[in-house]
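The next block holds one structure in the form of structure tokens; read it before the comments.
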Amino acid sequence: MSTPILMLGAGRMGGAMIEGWLAAGAFDGRELMVRDPHPGPAAELAARAGALVNPPDADLARAGTVVLSVKPQIWRDVAGETAAWLGAGAVVVSICAGVRSGDIAKAFGGRPVARVMPTTAAAIGQGTASLFADDPAARARARALFEPLGAVVDLHDEGLMHAATAVSGSAPAYLYAFIEALEAAGAAGGLAPEDGEDPAELRRQVTSPGGTTQAALEVLMGEGGLPGLLEEAVAAAVRRSKELGG
Ligand SMILES: NC(=O)c1ccc[n+]([C@@H]2O[C@H](COP(=O)([O-])OP(=O)(O)OC[C@H]3O[C@@H](n4cnc5c(N)ncnc54)[C@H](OP(=O)(O)O)[C@@H]3O)[C@@H](O)[C@H]2O)c1
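Every letter in the sequence shown is one number past the one before it in the working numbering, and letter 175, counting from 1, is 185.
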């Protein structure tokens, strides 16, 4: 495994990976470097464990593995800011939804690239990561990053990354949306909402504005979607329960 690992972006997903690695003891904080204009709690956790946060550009040459974990909308800018500083042996692992490995390889000077679609449950070692790479060394590198964070599924056709993104990458959001709609249907049926973590907030945490999950949620939460369906389903069960009571 080639460290240091340079995280380009440590937001929700990059941060979840950092938390998962540190919790599992998979990497030492000193094996991590983080670049992020507004370092959040995961970057601070990494810094306390010895990681370099926003090191000078010259330090990027030491990175063995580069994780591209910014929003897909800005990945080219970030590649442009970084590629020239990297060492010749650096391997790139991208978690950006939808961005093709060939485009990433070009933007990073022809370096080997793996693509991974992870989930934020990586933070607690319960993630699912779908992985694609043409290059065997890049595939092995990505596996070594994600095996400590949960299940890893190998894909052998890059085209399948779209379906993996839509099904597995967005799955937590679908489940939160279901629970949120069920809770609302319960409240409509007269039950008091449960205290604790709000499913709507959990859903927002895994939904990037303008991203793939949001596109799916517009269907699930829109007209004819889960809120109406679950309210109808719960009302039907309530009716049946009353009928059964005679
Ligand atoms: N969230 C998920 O559940 C999930 C699941 C699978 C894959 N992904 C993928 O993961 C990637 C990141 O998504 P996310 O939800 O983690 O987004 P996010 O929370 O916005 O994280 C992106 C981070 O990158 C930082 N950043 C912005 N400009 C940067 C720059 N020039 N250099 C380095 N860092 C920079 C952002 O800082 P600011 O906030 O200050 O701009 C932010 O902290 C996306 O490509 C997405 O497709 C996400």
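By construction, the Cβ of each residue, glycine as well, lies at the ideal position given by its N, Cα and C atoms. What you are looking at is a predicted structure, and each value in this text was computed from that prediction instead of being measured.
(message) Suppose you measure from the CA of tyrosine 184 to the CA of glutamate 211; what does that come to, to the nearest Å?
(response) 13 Å
(request) State buried or exposed for alanine 71, treating a residue as buried only when at least 16 other CB atoms are found within 10 Å of its CB. (result) exposed
(message) Judging by CA-CA distance, which residue of Val80, Thr75, Asp87 and Pro209 is the nearest neighbour of arginine 121?
(response) Thr75
(request) Count the other C-beta atoms from every protein chain shown that fall within 10 angstroms of the C-beta of leucine 254, then say buried if there are 16 or more, exposed otherwise. (result) Counting Cβ neighbours within 10 Å, leucine 254 comes out exposed, since fewer than 16 surround it.
(request) May I ask you to check if the CB of tryptophan 31 is nearer than 8 Å to at least one heavy atom of ligand 1? (result) Flag unset: Cβ of tryptophan 31 not near ligand 1.
(message) For alanine 61 and arginine 40, I'd like the C-alpha separation in whole angstroms.
(response) 5 Å
(message) According to DSSP, phenylalanine 37 sits in a beta bridge with which residue or residues?
(response) Its beta-bridge partners do not exist; DSSP assigns none.
(request) Can you give me the Cβ contacts of glycine 179 inside the same chain, cut-off strictly under 8 Å, excluding the 5 residues immediately before and after it? (result) Ala107, Met127, Pro128, Thr129, Ser140, Thr222 and Thr223
(request) State the DSSP-derived secondary structure class of leucine 159, mapped to helix, strand or coil. (result) helix
(request) Would you mind reading off the limits of the beta strand (DSSP E) that contains valine 123? (result) For valine 123, the enclosing beta strand (DSSP E) starts and ends at 123 to 127.
(request) Just confirm the distance between the C-beta atoms of proline 182 and alanine 131, as a whole number of angstroms; I'd bet it's less than 8 Å. (result) The pair is a contact, with the Cβ atoms about 7 Å apart (cut-off 8 Å).
(request) Alpha carbon to alpha carbon, how far is leucine 42 from alanine 152? Give it in angstroms, no decimals. (result) 15 Å
(request) Can you have a look at aspartate 87 and say buried or exposed, based on whether 16 or more other CB atoms are within 10 angstroms of its CB? (result) Looking at its Cβ environment, which holds fewer than 16 other Cβ atoms inside 10 Å, aspartate 87 is exposed.
(message) Does the contact criterion of 3 or more C-beta pairs under 8 Å hold for the stretch 186 to 197 versus the stretch 167 to 178?
(response) no
(message) Tell me the rounded alpha-carbon separation between glycine 19 and serine 79.
(response) Each residue's alpha carbon lies about 5 Å from the other.
(message) Residues in the same chain with beta-carbon distance under 6 Å from threonine 13, minus the five sequence neighbours each way, listed in chain order, please.
(response) Glu41 and Gly74
(request) Could you please give the first and the last residue of the uninterrupted beta strand (DSSP E) stretch that includes methionine 17? (result) 15 to 18 is the extent of the beta strand (DSSP E) around methionine 17.
(request) Please list, in chain order, all residues of the same chain as methionine 23 whose beta carbon is under 7 Å from its beta carbon, the five residues on each side excluded. (result) Ser79, Ile105, Pro128 and Thr130
(request) Check the DSSP bridge columns for alanine 197 and list the partner residues they point to. (result) None, per the DSSP bridge assignment.
(request) Only counting runs of 4 or more residues, tell me where the alpha helix (DSSP H) segments fall wholly within the stretch 200 to 245, in order along the chain. (result) 209 to 215 and 222 to 230
(request) Please go through the stretch 70 to 156 and give each complete alpha helix (DSSP H) segment of 4 or more residues, from N-terminal end onward. (result) 85 to 92, 111 to 117 and 146 to 156
(message) Is the separation between the beta-carbon of proline 47 and that of alanine 57 shorter than 9 Å?
(response) It is not a contact, given that the beta carbons lie outside the stated cut-off.
(request) Check whether the Cβ atoms of isoleucine 28 and alanine 53 lie closer than 9 Å to each other. (result) Going by beta carbons, isoleucine 28 and alanine 53 fall inside the 9 Å limit.
(message) Using C-beta distances below 8 Å, list every residue in its chain close to glycine 135, excluding the 5 sequence neighbours before and after it, in chain order.
(response) Cβ neighbours of glycine 135 beyond the five flanking positions: Gly30, Ala33, Ala34, Pro158, Leu159 and Gly160.
(message) Can you tell me whether proline 219 is buried or exposed? The criterion is at least 16 other CB atoms within 10 Å of its CB, across all chains shown.
(response) exposed
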